[in-house]
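K.L.:
Per the numbering used here, the sequence shown starts with residue 22, numbered consecutively.
Positions of the beta carbon are idealized from the N, C-alpha and C atoms, including for glycine.
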Amino acid sequence: MVELHPPLNVRRLVLHSCCAPCTTAIAECMVQNGLEPIIFFFNPNIHPKQEYEKRKQECTRYATQLGLTFIDADYDHAAWLSAVAGLEDEPERQGRCLRCFEVRLLAAAQFTQQQGLQVFTTTLAASRWKRLDQVQQAGQQAQETVPGVTFWSNNWRKGGLQERRNQLIAELGLYNQTYCGCEFSVRKK
Ligand code: SF4
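#1: Is the beta carbon of P42 closer than 8 Å to that of R185?
#2: Out of P65, V140, A191, point me to the one whose CA is closest to E165's CA.
#3: What are the complete beta strand (DSSP E) segments, minimum 3 residues, inside the region 111–162?
#4: From the DSSP output, in three-state form, read off H68 for me.
#5: Taking three-plus beta-carbon pairs below 8 Å as touching, is the region 32–41 in contact with the region 55–71?
#6: Contact between the region 142–152 and the region 84–100: three or more CB pairs below 8 Å?
#7: Does the region 168–188 come close enough to the region 43–51 that 3 or more CB-CB pairs lie under 8 Å?
#8: When burial is assigned at 16 or more other CB atoms within 10 Å of the CB, is P4 buried or exposed?
#9: Mind checking who A58 pairs with in its DSSP beta bridge?
#10: Could you name the residues of the same chain whose beta carbon sits closer than 8 Å to that of A191, not counting the 5 residues immediately before and after it, in chain order?
#11: So is the beta-carbon of C80 under 7 Å away from any non-hydrogen atom of the ligand SF4?
#12: By alpha-carbon positions, which one of V35, R32, T44 ends up nearest to W177?
#13: Using the C-alpha atoms, what's the distance from L145 back to L119?
#14: Are there three or more Cβ pairs, one per stretch, closer than 8 Å when the region 97–108 is compared with the region 126–139?
#15: Leaving out five residues before and five after W173 in sequence, what residues of the same chain have Cβ atoms less than 6 Å from its Cβ?
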C-alpha cells in the first residue's frame with residue numbers, strides 16, 4: 022500500500038473528481054490510509070449533457086461502493102464556455118486546458134472552505150493525458166485565491182496507482198470515456 026501524507030496531517034479532505042476511472046485508485050488508496058475524502062464532482066466542461074450524466078453516474082456508483090460522500094456540484098456549461106472564450110482553438114494540453122483546470126480547482130477550493138475543511142486535491146493529475154504542471158499551477162492558484170485552504174500537490178500517477186487504476190476500471194467494468202470532455206476535445210482528437 023502506498024503511504025499517503027496529506028498536508029497538515031488532515032484526515033478529512035476534498036477530492037475533486039473528474040471521472041470515475043481517474044478517481045478509482047486514488048480514492049481507494051486514501052481510504053486504505055484512513056483518510057476520508059469527500060468526492061466533489063464539478064466538471065462543467067463536459068459536453069454534451071448526456072456524457073456528463075454518464076460520467077457522473079459512474080462516479081457516484083464508485084463513491085457509493087467505497088462508502089464516501091459524493092457531492093454533485095453545479096453544471097453550468099455556458100459559464101464554462103465563457104471562461105474559455107478565445108481559447109477554443111488551442112490544442113489540448115495548452116491554454117484552454119489550464120483555464121479549464123483553474124475553473125474546476127477554484128470551485129473545489131471554495132467548496133473546501135465552505136465545508137470548514139483545509140485540504141483539497143484532484144484526480145485531474147491522474148491521467149497521463151493531462152499536464153501535471155498545469156494541474157499543479159491551477160491548484161496553487163486556487164489555494165492563493167481562497168484563504169485557509171491548501172492544495173495537496175501529489176503526483177497520483179506514482180506508487181503503482183496508475184496500474185491499480187487500470188485494474189479497477191476492468192474489474193468494475195467502468196465506463197472509460199474516449200475524449201477528454203469538452204466539445205473542442207472531440208473535434209480535435
Ligand atoms: S480538452 Fe479537457 S482539460 Fe482541455 S479544456 Fe477540454 S475538457 Fe478541459
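P.N.:
For this structure:
#1: no
#2: V140
#3: 140–143
#4: coil
#5: yes
#6: no
#7: yes
#8: No statement about residue 4 is possible, as the shown extent of the chain runs from 22 to 210 and does not include it.
#9: In the sequence as presented, Ala is not what sits at residue 58; that position holds Pro. DSSP output for P58 lists L34 as bridge partner(s).
#10: none
#11: no
#12: T44
#13: 11 Å
#14: no
#15: P27, P28, V140, T142
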